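Colleague:
Residue numbers (my numbering): 14 to 926.
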């Protein structure tokens, strides 16, 4: 240290957030230092809990300029990183929050290194036993416990219950810790006087950790009428406990951690090899807790106390288990877990679902495990979470005094620091020397690991999921758009049509595209599948088996919006043996129809009702203003595939009787006007085998199960005419082979009718009228389809395929046209008191004009559910292997929630029967 060096303490203004009123040295501490001849400069701040006049009276200097200070002692990092905020060649002390390579503070660390700052981190001040000697921990515990009692009162109110906790405010509303304690005691008095609703059941508070945080929280808890129980007693207490007291449980590492091999716990071994341990917290203890107060210190390789998946299971397994009859005004809680207070405030730490900290001004969110989303405030499905990262500042006088008392014994060692001298020459004691994370422009030896950990984290954040999308049709742009919102996801789109690939690439230039015929080049398909994490098969359904075979071979997860066909079902065991997930039926119909139906069914069952009838109709249609053609229909997907459906047979259950419609076009005879959404003038007809859904949906009490298709009135009339004329014949026709000479549509029609191709238009019209024997209006509509025009037809081998190709030209959506999706579920319900209701769930979505394929409602309602499910598979939210259909709450709930954010949301009305 140079002879000219004179140690001066600087106390900076806290700028990290408006609530930070603490200081590391109070006027009393400053007075003691000044008496010893130590110069102290305090930066002025009206926000600080102690005034400038108090510091002046203590002998400090109040000055905006801290440049003469050699050691600057703050609480938190400065908001800015200018040279005024962090002056070069100085020694600083504050909580840096960098020792876990926290991403948000890496720029701060870089600045510290660049400016040759010697950095003391209070979090790293430990004694010879590696215990922290300086922390706000107890005050974090005090504040956190008061915060969660306040939040508990509000959350219970939102759930329908007034409790004594409503009288507990946030800690900063009290002028002293003493006043806050009195408020908690008054809440305890109300509890002891039986003011807790019995429908809530016994309240069990779980405290994790044994350190200062947990001790502080328990000190506040003890102000309530309470009883501490053992972890093993939680289940019985949850069932039979009292409501005039609250219960506390302390769960330490030895209670919830087990060696993966031996099943034992050894603290020394755990500290050295945390990866060898697992936690039983979620299975053994979490189902019975009401409030979790988390105060553990979590390291990167430690098992998480609760994962997102654990929380999903808790919503099912952690139901209230005490005896209580539920009434509308006195309901049971939706689950035992009401609130979580993460006093450790460690995002993505021991509690995986805590991804960001809350704030003092917005202290609470409700976390919904089913959707893995947060809702600000106290309402919503899930449980309350409080994770304020500066809880001690809510008790600024007491916490500052406590912290300063702990810091004073180490001030002299800190004052020895001259940032311009080598770290090796710094003669401080081990507590201060060992808390120095940076000096002389580099990390000190004890903290060099931060650089490696940072690289590891940056590598992880840069790692990508790779998605292969087969097909580039109408539904693909919304899928690509949704997935590429995450820059870590790489998307490759494959098609045999270069024009489709160019269209997608034009909108999303950062994706990869590849022209490939997956049927002809199976080797090329296999190579592509092997390079990706997930394959989305958006090609026609008949090509899925080849895709699934490649996914099985290369053990890659696969997803499609299509029905699980018999050909795919035959591959089920191979899919399970490969250990892959095959997510099926996650588009519109099938897809969104499943989600909405299962949501309604499960809600009915949860309330004790029975589903006695289910009728579901869906249609993809032009918006009314664009339904200006004889079919009142346009094609947003493969015309041939769409037209094939009208030739299918159907089986359904009506009033307890199974009805069957043979294939070949008879479906059109069963079209009937729809009694829902009458303003659209719709007709509907059954499709496929609806009876299978009685078992799939577990509709054991249903006497009617019908799934059908919606079209504008008039569609089926024209289709019946086309069937009658022979245009829906899929048999090979020798004169319609692609190799035949160019042929006009008039000539095609004549050949289909059995006429000489050279017949006149008048003769052809007469033949059509004679064969149809239908009203003239229908004949005009058939003729308006251009079937007697001189336009050259694209011959496709048979009348049906040739007509389908014609429709793809004349009935395609224009670039500025919009379509419409209409879905109607009519679900009959019977309640325990024999009342009957009809629940009508409707989804009506319009396309967006001027956005081309990506703006079509059909594209979005098929593509977005598929994209959301794909992301869930990639992120590990879908654990099941083998075939997965979206029937379980842990699947349909998050997908529906995320669809709402995309503007796809159903409405529900109820009619008494």
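We put the beta carbon where it would ideally sit given N, CA and C, even for glycine. Owing to the predicted nature of the structure, the values given are computational and were not obtained by experimental measurement.
For the alpha helix (DSSP H) containing residue 723, name the first residue and the last one.
Modeller: Here residue 723 corresponds to residue number 710 of the chain shown, with the count starting at 1. It is not in any alpha helix (DSSP H) - residue 723 instead sits in the beta strand (DSSP E) that spans 717-725.
Colleague: How should residue 696 be labelled, buried or exposed, when 16 other C-beta atoms within 10 angstroms of its C-beta is the threshold for buried?
Modeller: Taking the first residue of the chain shown as 1, we reach residue 696 at position 683. Label assigned to residue 696: buried.
Colleague: What residue range does the alpha helix (DSSP H) around residue 516 cover?
Modeller: Taking the first residue of the chain shown as position 1, residue 516 is located at position 503. Unbroken alpha helix (DSSP H) run through residue 516: 511-520.
Colleague: Please report how far the alpha carbon of residue 653 lies from the alpha carbon of residue 784, in whole angstroms.
Modeller: The sequence position of residue 653 within the chain shown is 640, counting from 1. The sequence position of residue 784 within the chain shown is 771, counting from 1. Their Cα atoms are separated by approximately 24 Å.
Colleague: Considering only residues of the same chain and omitting the five flanking positions on each side of residue 122, which have a CB-CB separation below 6 Å?
Modeller: Here residue 122 is taken as the residue at index 109 of the chain shown, counted from 1. Within the same chain, residue 122 has close Cβ partners 111.
Colleague: Please confirm if the segment 147-154 is in contact with the segment 412-421, defined as three or more CB-CB distances below 8 Å between the two stretches.
Modeller: In short, these stretches touch, since the Cβ pair count reaches three.
Colleague: Using 8 Å as the Cβ pair cut-off and three pairs as the minimum, do the segment 74-90 and the segment 47-65 touch?
Modeller: Segments in contact, yes.
Colleague: Within this structure, are the beta carbons of residue 561 and residue 571 separated by less than 9 Å?
Modeller: Looking up residue 561 in the chain shown gives position 548. Looking up residue 571 in the chain shown gives position 558. Cβ atoms of residue 561 and residue 571: closer than 9 Å.
Colleague: Pick out the complete beta strand (DSSP E) segments inside the segment 620-660, 3 residues or longer, and give them in chain order.
Modeller: Whole beta strand (DSSP E) segments, 3+ residues: 623-635.
Colleague: Quick check: the Cα distance between residue 630 and residue 779, rounded to an integer number of angstroms?
Modeller: Here residue 630 refers to the residue found at position 617 when the chain shown is read from its first residue. Here residue 779 refers to the residue found at position 766 when the chain shown is read from its first residue. For residue 630 and residue 779, the distance between alpha carbons rounds to 38 Å.
Colleague: Look at the alpha carbon of residue 732 and the alpha carbon of residue 663, and state the distance between them as a whole number of angstroms.
Modeller: As a position in the chain shown, residue 732 is number 719, starting the count at 1. As a position in the chain shown, residue 663 is number 650, starting the count at 1. Taking the straight line from one Cα to the other gives about 17 Å.
Colleague: Consult DSSP for residue 740 and reduce its assignment to one of helix, strand or coil.
Modeller: As a position in the chain shown, residue 740 is number 727, starting the count at 1. Looking at residue 740 - three-state DSSP - the assignment turns out to be coil, as it is neither helix nor strand.
Colleague: Rounded to whole angstroms, what's the CA-CA distance from residue 588 to residue 132? Just pull it up for me.
Modeller: By one-based count along the chain shown, residue 588 stands at place 575. By one-based count along the chain shown, residue 132 stands at place 119. About 56 Å.
Colleague: Between residue 861 and residue 107, what straight-line distance do the alpha-carbon atoms span, to the nearest angstrom?
Modeller: Reading the chain shown from its first residue, position 848 is the one you call residue 861. Reading the chain shown from its first residue, position 94 is the one you call residue 107. Those two C-alpha atoms are separated by around 53 Å.
Colleague: Quick one: Cα of residue 649 to Cα of residue 868, how far?
Modeller: Locating residue 649 in the chain shown gives position 636, counting from the first residue. Locating residue 868 in the chain shown gives position 855, counting from the first residue. Their Cα atoms are separated by approximately 11 Å.
Colleague: From this set, 747, 633 and 672, which residue's C-alpha is nearest residue 705's C-alpha?
Modeller: If you number the chain shown from 1, residue 705 lands on position 692. Among 747, 633 and 672, the Cα nearest to that of residue 705 is on 672.
Colleague: For a quick check, are the C-beta atoms of residue 609 and residue 909 less than 9 Å apart?
Modeller: Here residue 609 refers to the residue found at position 596 when the chain shown is read from its first residue. Here residue 909 refers to the residue found at position 896 when the chain shown is read from its first residue. A contact, by the Cβ cut-off of 9 Å.
Colleague: Examine chain C for any beta-carbon lying closer than 9 Å to the beta-carbon of residue 599, and answer yes or no.
Modeller: No chain C appears in this structure, which consists of one protein chain only.
Colleague: Three Cβ pairs or more, each shorter than 8 Å: is that satisfied between the segment 697-716 and the segment 763-772?
Modeller: Short answer: they don't touch.
Colleague: How would you write the range of the beta strand (DSSP E) that residue 452 sits in, first residue to last?
Modeller: Within the chain shown, residue 452 is the residue found at index 439, counting from 1. Residues 449-452.
Colleague: Quick one: Cα of residue 15 to Cα of residue 433, how far?
Modeller: Translated into positions along the chain shown, residue 15 becomes position 2. Translated into positions along the chain shown, residue 433 becomes position 420. Low confidence applies to residue 15: its pLDDT is 47, below 50, so where it sits in the model is not reliable, and the reading given next is rough at best. Taking the straight line joining both Cα atoms gives about 9 Å.
Colleague: Identify the continuous alpha helix (DSSP H) that holds residue 773 and give its terminal residues.
Modeller: Position 760 of the chain shown holds residue 773. That residue, residue 773, is in no alpha helix (DSSP H); it is neither H nor E in DSSP.
Colleague: On a CA-only basis, which of 294, 351 and 271 is nearest residue 284? Give me that one, please.
Modeller: Here the question's residue 284 lines up with position 271 in the chain shown. For the residues 294, 351 and 271, the minimum Cα distance to residue 284 belongs to 271.
Colleague: How do the segment 195-214 and the segment 164-179 stand: do at least 3 beta-carbon pairs fall below 8 Å, yes or no?
Modeller: Yes: the two stretches touch, three or more of their Cβ pairs being nearer than 8 Å.
Colleague: Is residue 355 helix, strand or coil by DSSP?
Modeller: For this step, residue 355 is matched to residue 342 along the chain shown. If DSSP states are grouped into helix, strand and coil, residue 355 belongs with the strands.
Colleague: Do residue 540 and residue 824 come within 9 Å of each other at the CB atom, strictly closer than that value?
Modeller: One-based indexing of the chain shown puts residue 824 at position 811. One-based indexing of the chain shown puts residue 540 at position 527. No, Cβ-Cβ distance for residue 824 and residue 540 is not below 9 Å.
Colleague: Which value, in whole angstroms, describes the spacing of the CA atoms of residue 528 and residue 623?
Modeller: Indexing the chain shown from 1 puts residue 528 at position 515. Indexing the chain shown from 1 puts residue 623 at position 610. Using only the alpha carbons, I get a separation of about 51 Å.
Colleague: So, residue 593 versus residue 568, is the Cβ gap smaller than 9 Å?
Modeller: Residue mapping note: residue 593 aligns to position 580 of the chain shown, counting from 1. Residue mapping note: residue 568 aligns to position 555 of the chain shown, counting from 1. Result yes, Cβ atoms of residue 593 and residue 568 sit closer than 9 Å.
Colleague: Return the chain-ordered list of same chain residues with a C-beta closer than 8 Å to the C-beta of residue 777, the five sequence neighbours on each side being excluded.
Modeller: The sequence position of residue 777 within the chain shown is 764, counting from 1. For residue 777, where only same-chain residues beyond five positions count, the Cβ hits under 8 Å are 759, 762, 763, 766, 768 and 801.
Colleague: Give me whichever residues DSSP pairs with residue 269 in a beta bridge.
Modeller: Numbered from its first residue, the chain shown carries residue 269 at position 256. Bridge partners of residue 269: none, in fact.
Colleague: Look at the Cβ atom of residue 917, then the Cβ atom of residue 605, and state whether they are nearer than 9 Å.
Modeller: Taking the chain shown and counting its residues from 1, one reaches residue 917 at position 904. Taking the chain shown and counting its residues from 1, one reaches residue 605 at position 592. The answer is yes: Cβ separation under 9 Å.
Colleague: Over the uninterrupted beta strand (DSSP E) stretch that includes residue 836, give me the two end residues.
Modeller: Here residue 836 is taken as the residue at index 823 of the chain shown, counted from 1. Here the beta strand (DSSP E) through residue 836 covers 832-843.
Colleague: List the DSSP bridge partners of residue 188.
Modeller: Taking the first residue of the chain shown as position 1, residue 188 is located at position 175. None; residue 188 has no bridge partner.
Colleague: Identify, in the order they occur along the chain, each residue of the same chain with its Cβ nearer than 6 Å to the Cβ of residue 635, setting aside the five sequence neighbours on each side.
Modeller: Position 622 of the chain shown holds residue 635. The answer, listed in chain order, is 647 and 832.
Colleague: So, do the segment 206-221 and the segment 187-194 have three or more beta carbon pairs nearer to each other than 8 Å?
Modeller: Counting Cβ pairs under 8 Å, fewer than three are found: no touch.
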